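Chemist: The structure follows.
Numbering (the UniProt record's numbering), first residue to last: 1 to 269.
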């Protein structure tokens, strides 16, 4: 029976896998990994937690920062660092990391693994993983959370005002229409059946959720499941949040996607 044919009984989650793609993120990935380690400690000891950091053609000290962060905060062998030396789309990078994490977990029942996607310039709260797992236990196949800007006061007032208006336009009391790859969870069997993140240069999170919806998977969009992400206006991937913030500073912003909405254009990360 397909997911659309009726309600499925969710299996208990036995493992969590996190992917963090990184391109020249030596200044921010340390706090990112520290926050993830704290979140991992908040879940049951019966749930295995692993992470894959995908270093995408880094030319700075990102790799060294990752090594130090793993040594300080993560259990041995819980984090794998994958190098990438060739141009790949951001969708391919995220899938590469999650496929590696699933191999290391070795679960036969993929319905018992929960996959999490975040970004190197993002810090998750201590209860981030636990909240995702609560939604999984309630039957969700995918969870799209929200993202708050870190130090938004550093943005020009007009940029912050325009961004806030875009966020508010897609947010209701208990749900929202935004999708952030920095705060996305999906059950591993649903992820595999959907073919992973599509190999697109931007908007990979939207493309994945579109596949999941087409398959009849249950997607929830809680407004209280939030992460904190950089408010920089020059990012690492064309078509991402940084590009959106940068465009909002133009004298006459061109119509475009809102925060967490699918970009219209993009390039290799």
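Yeah, the Cβ is synthetic: ideal placement off N, Cα and C, and Gly gets one too.
Predicted model only: the values in this text are computed from it and were never measured.
Check each candidate in 90, 118 and 85 and name the one with the smallest Cα separation from residue 31.
Modeler: Among 90, 118 and 85, the Cα nearest to that of residue 31 belongs to 118.
Chemist: Roughly how many angstroms separate the alpha carbons of residue 156 and residue 249, rounded to a whole number?
Modeler: Answer to the nearest angstrom: the Cα atoms are 8 Å apart.
Chemist: Taking just the CA atoms, how far does residue 197 sit from residue 177?
Modeler: Distance between the alpha carbons of residue 177 and residue 197: 19 Å.
Chemist: Quick check: the Cα distance between residue 221 and residue 142, rounded to an integer number of angstroms?
Modeler: If you take the alpha carbons of residue 221 and residue 142, they lie about 9 Å apart.
Chemist: Answer yes if the stretch 97-113 comes into contact with the stretch 61-76, meaning at least three C-beta pairs across the two stretches below 8 Å, and no otherwise.
Modeler: Segments in contact, no.
Chemist: Closest to residue 91 by C-alpha separation, out of 205, 131, 44 and 193, would be which residue?
Modeler: Residue 91 has its Cα closest to that of 205, out of 205, 131, 44 and 193.
Chemist: Leaving out five residues on either side along the sequence, give the residues of the same chain with a beta carbon under 6 Å from the beta carbon of residue 262.
Modeler: Because the pLDDT at residue 262 is just 49, under 50, the model does not fix this residue reliably, and the point stays unresolved.
Chemist: From the DSSP secondary-structure annotation, give me the bridge partner or partners of residue 228.
Modeler: Residue 228 pairs with 123 and 148.
Chemist: Identify which residue in 161, 38 and 44 has its Cα closest to the Cα of residue 15.
Modeler: Of 161, 38 and 44, the residue nearest in Cα terms is 44.
Chemist: How about the stretch 155-170 and the stretch 110-130: do they share at least three Cβ pairs that are nearer than 8 Å?
Modeler: No, because fewer than three Cβ pairs between the stretch 155-170 and the stretch 110-130 fall closer than 8 Å, the two stretches do not touch.
Chemist: Tell me the DSSP secondary structure of residue 98 in three-state form.
Modeler: In this structure, residue 98 counts as helix in the three-state DSSP scheme.
Chemist: Just confirm the distance between the C-beta atoms of residue 80 and residue 52, as a whole number of angstroms; I'd bet it's less than 8 Å.
Modeler: The pair is a contact, with the Cβ atoms about 5 Å apart (cut-off 8 Å).
Chemist: Which term fits residue 58, buried or exposed, when burial requires 16 or more other beta carbons within 10 angstroms of its beta carbon?
Modeler: Flag for residue 58 reads buried.
Chemist: From which residue to which residue does the alpha helix (DSSP H) around residue 33 run?
Modeler: Element bounds for residue 33: 29-41.
Chemist: Suppose contacts are defined by Cβ-Cβ distances below 8 Å. Is residue 219 in contact with residue 225 by that definition?
Modeler: The answer is no: Cβ separation not under 8 Å.
Chemist: Write down every uninterrupted run of the alpha helix (DSSP H) in the stretch 130-176 whose length is 4 residues or greater and which is fully enclosed by it, in chain order.
Modeler: With a minimum length of 4 residues, the continuous alpha helix (DSSP H) runs that stay inside the stretch 130-176 are 157-169.
Chemist: Rank 234, 19 and 150 by C-alpha distance to the C-alpha of residue 100 and give the top, closest one.
Modeler: Minimum Cα distance to residue 100 is reached at 19.
Chemist: With distance defined between alpha-carbon atoms, name the residue in 214, 128, 147 and 85 nearest to residue 121.
Modeler: For residue 121, the nearest C-alpha among the options comes from 147.
Chemist: Quick check on DSSP: helix, strand or coil for residue 17?
Modeler: In this structure, residue 17 counts as strand in the three-state DSSP scheme.
Chemist: Return the residue from the list 21, 228 and 130 that minimises the CA-CA distance to residue 236.
Modeler: Here the closest residue by C-alpha is 21.
Chemist: Exposed or buried, residue 25, counting other C-beta atoms within 10 Å across all chains shown (16 or more means buried)?
Modeler: Classification for residue 25: buried.
Chemist: Quick check on the DSSP output: the beta strand (DSSP E) that includes residue 223 runs from which residue to which?
Modeler: Element bounds for residue 223: n/a, residue is neither H nor E.
Chemist: What does the alpha-carbon distance come out to for the pair residue 192 and residue 199?
Modeler: Distance between the alpha carbons of residue 192 and residue 199: 14 Å.
Chemist: Would you mind sorting residue 13 into buried or exposed? The rule is 16 or more other CB atoms within 10 Å of its CB.
Modeler: By the 10 Å Cβ count, residue 13 comes out buried.
Chemist: Helix, strand or coil: which one does DSSP assign to residue 74?
Modeler: Reduced to three states, the DSSP call for residue 74 is coil.
Chemist: Can you name, in chain order, every residue of its own chain whose Cβ lies under 6 Å from the Cβ of residue 35, other than the five neighbours on each side?
Modeler: Within the same chain, residue 35 has close Cβ partners 123 and 124.
Chemist: Please report the residue range of the beta strand (DSSP E) in which residue 57 lies.
Modeler: Careful: residue 57 lies outside any beta strand (DSSP E) and carries neither H nor E.
Chemist: Confirm, please, whether the CB-CB distance from residue 62 to residue 201 is below 8 Å.
Modeler: Taking 8 Å as the Cβ cut-off, residue 201 and residue 62 do not qualify as a contacting pair.
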